[in-house]
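A.B. asks:
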Amino acid sequence: MEIDPFIFRLSIFILSIFIGYYVVWSVTPSLHTPLMSVTNAISSVIIVGAIIAALAGSSESIFEISNTFGFLAILLAAVNIFGGFLVTQRMLQMYKKKKK
Amino acid sequence: MSANLSALFYLISGILFILALRGLSSPETSRQGNYFGIAGMVISIVVTFLTVGNLGPGFIYVLIFLLIGGTIGAFIAFKIPMTAMPELVAGFHSLVGLAAVFVAISAFLKPEAFNLGIVGNIKLASLIEMSLGAAIGAITFSGSIIAFLKLRGIMSGSPVTFKGQHLINLILGLAIIFLIYYLCISQSSNVFWSIVLISFIVGVLLIIPIGGADMPVVISMLNSYSGWAAAGIGFTLENTALIITGALVGSSGAILSYIMCKGMNRSFFNVILGGWGATDQTSVSKSKEQKPVKSGNADDAAFLMKNASSVIIVPGYGMAVAQAQHALREMVDSLKKNGVKVSYAIHPVAGRMPGHMNVLLAEANVPYDEVFELEEINNDFANCDVAYVIGANDVTNPVAKSDPQSPIYGMPVLDVEKSKSVLFVKRSLSPGYAGIDNDLFYRDNTLMLFADAKKMTEDIIKSL
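Those sequence lines, one after another, are chains Y and V. For reference, each letter of the first sequence is one residue, going 0 to 99 in numbering that gives the first Met the number 0. For reference, each letter of the second sequence is one residue, going 0 to 463 in numbering that gives the first Met the number 0.
1) Can you find a CB in chain V that lies within less than 8 Å of the CB of Ile2/Y?
2) Is there contact here, the region 6 to 20 of chain Y with the region 333 to 351 of chain V, by at least three beta-carbon pairs under 8 Å?
3) What separation, rounded to the nearest whole angstrom, lies between the Cα atoms of Val388/V and Met93/Y?
4) In terms of DSSP beta bridges, what is Lys425/V paired with?
5) Output the boundary residues of the beta strand (DSSP E) element that contains Ala344/V.
6) Please classify Asn120/V: does DSSP put it in a helix, a strand, or coil?
7) Leu360/V to Asp3/Y, Cα distance in whole Å?
8) With a cut-off of 8 Å on the beta carbons, I'd call Leu166/V and Val23/Y a contact; round off their distance for me.
9) Tell me which residues of the region 6 to 19 of chain Y have at least one Cβ-Cβ distance to chain V shorter than 9 Å, keeping chain order.
10) Would you check if the distance between the CB atom of Met84/V and the CB atom of His355/V is smaller than 8 Å?
11) Interface residues of chain Y around Arg30/V at Cβ under 8 Å?
12) Give the interface partners of Phe77/V over in chain Y, defined as CB-CB distance under 9 Å, in chain order.
13) Given a cut-off of 8 Å on the beta-carbon distance, is the pair Met259/V and Pro158/V in contact?
14) Using 8 Å as the cut-off, can you tell me whether the region 73 to 89 of chain Y makes contact with the region 0 to 17 of chain V, which would need three or more C-beta pairs spanning the two stretches below that distance?
15) By alpha-carbon positions, which one of Ala300/V, His325/V and Ser418/V ends up nearest to Ile311/V?
16) Can you tell me whether DSSP reads Tyr94/Y as helix, strand or coil?
17) Suppose you measure from the CA of Ser43/V to the CA of Gly48/Y; what does that come to, to the nearest Å?
18) I'd like to confirm something about Asn396/V: is its beta-carbon nearer than 7 Å to some heavy atom of the ligand FMN, or not?
19) Can you pull the chain Y neighbours of Ile242/V, defined as C-beta to C-beta under 8 Å?
20) Taking the alpha carbon of Tyr20/Y as the point to measure from, which residue in Phe101/V, Arg442/V and Ser251/V has its own alpha carbon closest?
21) Assuming Glu59/Y is part of the alpha helix (DSSP H), what are its boundary residues?
22) Report the rounded CA-to-CA distance for Ser284/V versus Leu62/V, giving the unit in angstroms.
23) How big is the Cα-Cα spacing for Ser93/V and Ser141/V?
24) Please classify Val421/V: is it buried, with 16 or more other beta-carbons within 10 angstroms of its beta-carbon, or exposed?
25) Report the residue from Gln324/V, Val331/V, Phe268/V and Lys162/V whose alpha carbon sits nearest the alpha carbon of Val358/V.
26) Apart from the five residues just before and just after Ile175/V, which ones in its own chain have a Cβ nearer than 8 Å to its Cβ?
27) Comparing C-alpha positions only, which one of Thr445/V, Ala307/V and Asp299/V sits nearest to Pro397/V?
28) Between Gly249/V and the rest of its own chain, which residues show a CB-CB distance below 7 Å, the 5 nearest in sequence each way excluded?
29) What does Tyr367/V touch in chain Y if you count any residue whose Cβ is under 8 Å from its own?
30) Could I get the ranges of all uninterrupted alpha helix (DSSP H) runs contained in the region 129 to 217 of chain V, with 4 residues as the minimum, in chain order?
31) Kindly indicate which three-state DSSP category Met0/V falls into: helix, strand or coil?
32) Does Glu329/V get closer than 8 Å to chain Y when you measure Cβ to Cβ?
33) Only counting the same chain, and skipping five residues up and downstream in sequence, which positions put a Cβ closer than 7 Å to that of Met455/V?
34) Below 8 Å on the Cβ atoms is my contact criterion, and I expect Thr235/V with Glu111/V to pass it. Report the Cβ-Cβ distance as a whole number of Å.
35) Please tell me whether Ser29/Y and Leu108/V are closer than 8 Å, where the distance is taken between their beta carbons.
36) Quick one: is Ala2/V buried, meaning 16 or more other Cβ sit within 10 Å of its Cβ, or exposed?
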């Protein structure tokens, strides 16, 4: 009997939760704010779904309502991707060690 | 590009995202981590373009939207003042939530584009996944908007409660579950829209009863939700990068919520059910202004600190409000010139989001190895000459250790009162967020400095 691909995805999901658990506990508390902004940026990888939605069908269908939702999602996710990574970068630049 | 090859690239993206978080274990590796994150994102987007393969006129529009969004995002990222970081993060969460809702709507309207079946006959598992993604996304969106409004001060930060609130939330929550079940049977688009609509309402109702100082928990929780929403969509799209990221973000937010709750010694449900700030205000006012309080001015404070050998600074949300971090660092610089050893003590829930104080101090060029967490520094107060409390209140209240009747009893607090003298910068004797009087005000070794945090710090610099 074959295993449903869903089970594989579920395995990836659950293992990733465990990875996330251990990785995030190792994040130093002073970087918790950059952690939030970078998780924000990476969760915008949802843009992948937005692009598929926007480009679905033939080139005439891009003005259909479902494609429009895709384009709007691209816009929102793009704000987040650029905003999230850049603001994280800006914050991380500020963390400096004592000058010896 | 073949489906197998693109799946491998999505896996690489997922690994790069893990490394991005891993980098945050120390400030030195963190910048590199951020580049890993950016690389992962670029790979994901490029691979998606290659997989879709439809590089016709639609592609131009995608680039235009990407560019507009990117420009807005970059503009915000460069312009935003560091003190506004909590509301920025809340705002960004709302965008992820809404994007998840839009993708789910799109998948529901045109399932064939995602290989999920056809309209009216969508695969059962996909229906469950996309409706969960849409529901969590919608809750994240409207909840984050409320959090944003509260943090921005557009909406009052005090808890909004009404009778039967929890019952209504419970009913709406059950309604969503029932509607998802009904959607699976009927495939009806009206049911789908109802799920989205009710979820928007739940998001609002969930966040309005939560007060200002509980915002660290709320932001972390919404962070977690945005992750679960992304994971839900990831299952729908059968996309590994999205599933991995969703799981990472979901657990990250959950851990942060846990840390924040622990910092207040409250259970997660206690925070979510709201209303700490709404505890009976009557008990607060009765004993107030009766006890003697010593107050001083900037010269007294300067004298005390200049002659100290060690000073610990305890910043709180008030420092952020007064934008006093730069003045504070200047004050510390002149103290150091006088040979005083200075360190900073940060309570886990100081400020409005996890790590809020650390970012502000970093902005003011305070080296991060002078900044310590509660457990690291709490024993040092006993050997310290002066504790300078600026904008913090409840997190220094010794009542949390001594009075089992107090609502904050058991909360970990900074042992500020153990230092030889305490300088407490505050505008008045009003109680903090928890609505209780701070015992510290009336201690013999406490000198109250009644002023705006920034102004007082600047005055101290002058008399140093």
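Just so it is clear, CB atoms sit at the ideal spot from N, CA and C, and this is done for glycine as well.
C.D. replies: By the coordinates alone:
1) Taking the first residue of the first sequence as position 1, residue 2/Y is located at position 3. Closer than 8 Å: no.
2) no
3) The residue you call residue 388/V lines up with position 389 of the second sequence. The residue you call residue 93/Y lines up with position 94 of the first sequence. So the alpha carbons of these two residues sit roughly 24 Å apart.
4) For the purposes of this step, residue 425/V is taken as the residue at position 426 of the second sequence. Paired residues: Phe449/V.
5) Here residue 344/V refers to the residue found at position 345 of the second sequence. It spans Lys340 to Ile345 - the beta strand (DSSP E) in which Ala344/V sits, taken as one unbroken run.
6) Working through the second sequence from its first residue, we reach residue 120/V at position 121. Strand at Asn120/V.
7) Position 361 of the second sequence, counted from the first residue, corresponds to residue 360/V. Position 4 of the first sequence, counted from the first residue, corresponds to residue 3/Y. Using only the alpha carbons, I get a separation of about 51 Å.
8) Position 167 of the second sequence, counted from the start, is the residue given in the question as residue 166/V. Position 24 of the first sequence, counted from the start, is the residue given in the question as residue 23/Y. Contact flag wrong, Cβ pair sits at about 34 Å.
9) Arg8, Leu9, Ile11, Phe12, Ile13, Leu14, Ser15, Ile16, Phe17, Ile18 and Gly19
10) Here residue 84/V is taken as the residue at index 85 of the second sequence, counted from 1. Here residue 355/V is taken as the residue at index 356 of the second sequence, counted from 1. It is a contact, given that the beta carbons lie within the stated cut-off.
11) Counting from 1 along the second sequence, the entry for residue 30/V is found at position 31. Correct list: Gln88, Leu91 and Gln92.
12) Position 78 of the second sequence, counted from the start, is the residue given in the question as residue 77/V. Within 9 Å Cβ-Cβ: Leu85, Val86 and Arg89.
13) In the second sequence, residue 259/V corresponds to position 260, counting from 1. In the second sequence, residue 158/V corresponds to position 159, counting from 1. In this structure, the beta-carbon distance from Met259/V to Pro158/V does not fall below 8 Å.
14) no
15) In the second sequence, the residue the question calls residue 311/V occupies position 312. The candidate whose alpha carbon is nearest that of Ile311/V is Ser418/V.
16) Counting from 1 along the first sequence, the entry for residue 94/Y is found at position 95. In this structure, Tyr94/Y counts as coil in the three-state DSSP scheme.
17) Within the second sequence, residue 43/V is the residue found at index 44, counting from 1. Within the first sequence, residue 48/Y is the residue found at index 49, counting from 1. For Ser43/V and Gly48/Y, the distance between alpha carbons rounds to 11 Å.
18) Absent from the structure shown: the ligand FMN. Ligands present: none.
19) The residue you call residue 242/V lines up with position 243 of the second sequence. Here the neighbours are Arg8, Ile11, Phe12 and Ser15.
20) Locating residue 20/Y in the first sequence gives position 21, where the first residue counts as 1. Ranking the options by Cα distance to Tyr20/Y, first place goes to Ser251/V.
21) The count along the first sequence starts at 1 and reaches residue 59/Y at position 60. Careful: Glu59/Y lies outside any alpha helix (DSSP H) and carries neither H nor E.
22) Mapped onto the second sequence, residue 284/V falls at position 285. Mapped onto the second sequence, residue 62/V falls at position 63. Because the pLDDT of Ser284/V is 43, which lies under 50, any placement of that residue in the model is unreliable, and the number read from its coordinates should be weighed accordingly. Looking at the two C-alpha atoms, the distance is approximately 60 Å.
23) Position 94 of the second sequence, counted from the first residue, corresponds to residue 93/V. Position 142 of the second sequence, counted from the first residue, corresponds to residue 141/V. The alpha-carbon atoms of Ser93/V and Ser141/V are separated by roughly 7 Å.
24) Walking along the second sequence from the start, residue 421/V turns up at place 422. Buried is the label assigned to Val421/V, since at least 16 other Cβ atoms lie within 10 Å of its Cβ.
25) Your numbering for residue 358/V matches position 359 in the second sequence. The candidate whose alpha carbon is nearest that of Val358/V is Gln324/V.
26) By 1-based counting over the second sequence, the position of residue 175/V is 176. Only Ala134, Ile194, Ile197, Ser198 and Val201 meet the Cβ criterion.
27) For the purposes of this step, residue 397/V is taken as the residue at position 398 of the second sequence. Considering only alpha carbons, the answer is Thr445/V.
28) Residue 249/V sits at position 250 when you count from the first residue of the second sequence. The beta carbon of Gly249/V sits closer than 7 Å to the beta carbons of Ser223, Gly226, Trp227 and Ala230 from its chain, once the five residues preceding and following it are set aside; these are given in chain order.
29) What you label residue 367/V is simply residue 368 of the second sequence in a count that begins at 1. By Cβ distance, chain Y contributes Ser29, Tyr94, Lys95 and Lys96.
30) Listed in chain order, they are 164 to 185 and 188 to 206.
31) Taking the second sequence and counting its residues from 1, the one referred to as residue 0/V is at position 1. DSSP places Met0/V in coil when its eight states are reduced to three.
32) For this step, residue 329/V is matched to residue 330 along the second sequence. False, the Cβ-Cβ gap to chain Y never drops below 8 Å.
33) As a first step, residue 455/V is located in the second sequence; it is residue number 456 there, counting from the start. Answer for Met455/V: Ala297, Val424 and Leu448, listed in chain order.
34) Numbered from 1 along the second sequence, position 236 holds the residue referred to as residue 235/V. Numbered from 1 along the second sequence, position 112 holds the residue referred to as residue 111/V. That belief does not hold up - the Cβ atoms of Thr235/V and Glu111/V are roughly 13 Å apart, past 8 Å.
35) What you label residue 29/Y is simply residue 30 of the first sequence in a count that begins at 1. What you label residue 108/V is simply residue 109 of the second sequence in a count that begins at 1. Result no, Cβ atoms of Ser29/Y and Leu108/V do not sit closer than 8 Å.
36) On the second sequence, position 3 is the one that residue 2/V refers to. Classification of Ala2/V: exposed, given that the 10 Å Cβ count is below 16.
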